[in-house]
Amino acid sequence: MTMIATSRAIAAWVPVSKTLDNTPIYIDDARIVRQGNLVEFWRRNLFQAPEADGAIGVDNYHAIECKKGLFRWRRSIRFDQSGRIVGDIDVGKNDKLLEAKIQSGSIIGDFYQAVCPAQIEEPKKK
Numbered sequence: 018m019t020m021i022a023t024s025r026a027i028a029a030w031v032p033v034s035k036t037l038d039n040t041p042i043y044i045d046d047a048r049i050v051r052q053g054n055l056v057e058f059w060r061r062n063l064f065q066a067p068e069a070d071g072a073i074g075v076d077n078y079h080a081i082e083c084k085k086g087l088f089r090w091r092r093s094i095r096f097d098q099s100g101r102i103v104g105d106i107d108v109g110k111n112d113k114l115l116e117a118k119i120q121s122g123s124i125i126g127d128f129y130q131a132v133c134p135a136q137i138e139e140p141k142k143k
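Using our numbering, you'd call the opening residue of the sequence shown number 18 and step up by one each time.
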């Protein structure tokens, strides 16, 4: 677990997946919010090199509806080497067009495994 102090809060970044170029993708284990079957969390990607806007990484806020297996992107914040925000896109909470079914074996599938409690089957009655 990596503890990183940011201007937004103390974060506990835990690696849960990797990009195609083998770069770790993290979630903030300290700020996971659970409300029934809905789980909201922050994800962090660090770039191999600074991008044109100076961004060295991005924090994304996601929501997963665990029971239905649906994923939604909520917010994206790009930051530079000093932690200054260089881009901020607020996607919103209720845009149903942005919901996607979670595919097993995908990066989003890795997030699902990390934040959603196992769906326990009830024992069959005899």
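Just so you know, even glycine gets a beta-carbon here, dropped at the ideal spot from N, CA and C.
Secondary structure, beta strand (DSSP E): runs of 3+ residues fully inside the stretch 57-128 | 74-82, 87-96, 102-107
Can you tell me where the beta strand (DSSP E) with Ile44 in it begins and where it stops?
-> As a first step, residue 44 is located in the sequence shown; it is residue number 27 there, counting from the start. That run of the beta strand (DSSP E) goes 41-45.
Any chance the stretch 101-109 sits against the stretch 121-130, with 3 or more Cβ pairs inside 8 Å?
-> no
Reduced DSSP secondary structure (H/G/I, E/B, other) of Asp135 = For the purposes of this step, residue 135 is identified with residue 118 of the sequence shown, where counting begins at 1. Note that residue 135 is Ala in the sequence shown, not Asp. Ala135 falls in the coil class under three-state DSSP.
Do you know how far the Cα of Ile81 is from the Cα of Leu55?
-> Mapped onto the sequence shown, residue 55 falls at position 38. Mapped onto the sequence shown, residue 81 falls at position 64. When rounded, the distance between both Cα atoms is 6 Å.
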